[in-house]
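Some notes on the structure that comes next.
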Ligand SMILES: [Zn+2]
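In the working numbering, the protein residues as written are 1 to 235.
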């Protein structure tokens with residue numbers, strides 16, 4: 001029914017292959033909305049098991065899942081939600097060759113990780129393969145979302161924004177985050193993923209949307225490609 005989307009958009013979604021890296025607080029709403037939307041193939045990578053303290057924000061899981069592999073529990077739930085979606089659980093923290101291999105098999109990658117090493121690796125792999133990356137992070141009462149399309153292998157990219165992974169090495173499990181915040185941001189990631197898949201222009205292409213959840217204030221920052229960037233800059 002939606003103008004600019006209609007049957008053609010739904011067909012594109014049904015044929016689409018998406019890789020979601022991280023099945024935690026952000027990955028939960030991303031996977032739920034993408035499965036409900038009928039994404040053809042949903043590949044989900046995460047090496048962790050469900051812990052009781054995850055349940056406050058990781059809404060893909062129930063108390064009975066504690067101790068189970070996240071991607072197995074996610075696949076079981078998502079297959080019940082929408083049996084037409086092919087869910088491929090990848091029970092590992094992607095890195096190196098396996099990360100590059102997984103990126104090469106999809107149309108869009110969603111970065112829902114909680115660590116900077118994987119974020120930098122995903123950015124480099126997606127830039128090299130020209131696969132769009134829908135990236136987000138949330139911590140304490142702050143969050144951000146960006147879409148990197150890497151058209152023609154150019155920036156801006158995540159590496160243009162963050163030079164050094166040492167400067168911001170914190171995670172939700174160490175500093176805390178309110179559950180609805182990752183819900184809001186994960187839903188935006190799912191929305192932008194559907195836009196990219198259906199050829200609607202992403203409102204966040206080359207931009208960073210920042211949310212201050214304490215004040216509920218949003219701002220959008222236009223990203224500039226760093227001409228000296230080792231990932232997207234001239235080789
Ligand atoms: Zn760059």
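For each residue, glycine too, the CB sits at the ideal point set by N, CA and C.
Do the CB positions of residue i and residue j come within less than 8 Å of each other?
i: residue 145; j: residue 185; result: yes
i: residue 133; j: residue 118; result: no
i: residue 183; j: residue 140; result: no
i: residue 159; j: residue 123; result: yes
i: residue 89; j: residue 71; result: yes
i: residue 67; j: residue 46; result: no
i: residue 114; j: residue 136; result: no
i: residue 195; j: residue 201; result: yes
i: residue 34; j: residue 190; result: yes
i: residue 57; j: residue 96; result: no
i: residue 131; j: residue 85; result: no
i: residue 100; j: residue 125; result: yes
Throw me the rounded Cβ distance for the residue i and residue j pair, which I believe falls under 8 Å.
i: residue 20; j: residue 30; result: 5 Å
i: residue 198; j: residue 9; result: 4 Å
i: residue 61; j: residue 73; result: 6 Å
i: residue 105; j: residue 98; result: Contact flag wrong, Cβ pair sits at about 11 Å.
i: residue 142; j: residue 213; result: 7 Å
Assuming residue i is part of the alpha helix (DSSP H), what are its boundary residues?
i: residue 180; result: 179-198
i: residue 92; result: No alpha helix (DSSP H) contains residue 92, which DSSP labels as neither H nor E.
i: residue 10; result: 6-15
i: residue 34; result: 27-37
i: residue 208; result: From DSSP, residue 208 is part of no alpha helix (DSSP H) but of the beta strand (DSSP E) over 207-212.
i: residue 161; result: 158-161
From this set, the options, which residue's C-alpha is nearest residue i's C-alpha?
i: residue 64; options: 52, 56, 75 and 90; result: 52
i: residue 230; options: 210, 127 and 179; result: 127
i: residue 41; options: 80, 16, 191 and 100; result: 16
i: residue 211; options: 181, 224, 205 and 85; result: 181
i: residue 87; options: 121, 129, 36 and 49; result: 36
i: residue 81; options: 50, 38 and 55; result: 38
i: residue 78; options: 100, 109, 23 and 102; result: 23
i: residue 155; options: 48, 58 and 228; result: 228
i: residue 108; options: 43, 116 and 85; result: 43
i: residue 32; options: 7, 59, 55 and 54; result: 59
What span of residues does the beta strand (DSSP E) with residue i cover, start to end?
i: residue 83; result: It is not in any beta strand (DSSP E) - residue 83 carries neither H nor E in the DSSP assignment.
i: residue 118; result: No beta strand (DSSP E) holds residue 118; the alpha helix (DSSP H) holding it covers 116-129.
i: residue 42; result: 41-45
i: residue 219; result: 217-222
i: residue 150; result: Careful: residue 150 lies outside any beta strand (DSSP E) and carries neither H nor E.
i: residue 60; result: Looking at the DSSP string, residue 60 is not in any beta strand (DSSP E), and its letter there is neither H nor E.
i: residue 136; result: 133-139
With a threshold of 6 Å on Cβ separation, who are the neighbours of residue i within its own chain once the five nearest residues in sequence on each side are excluded?
i: residue 148; result: 133 and 157
i: residue 218; result: 211
i: residue 233; result: 227
Once the 5 residues before and after residue i are set aside, which same chain residues still bring their CB inside 8 Å of it?
i: residue 161; result: 146, 208 and 223
By Cβ distance below 7 Å, which residues in the same chain neighbour residue i in space, the five residues on each side in sequence not counted?
i: residue 204; result: 145, 146, 147 and 192
i: residue 50; result: 61, 65, 66, 67, 68, 70 and 73
i: residue 48; result: 70
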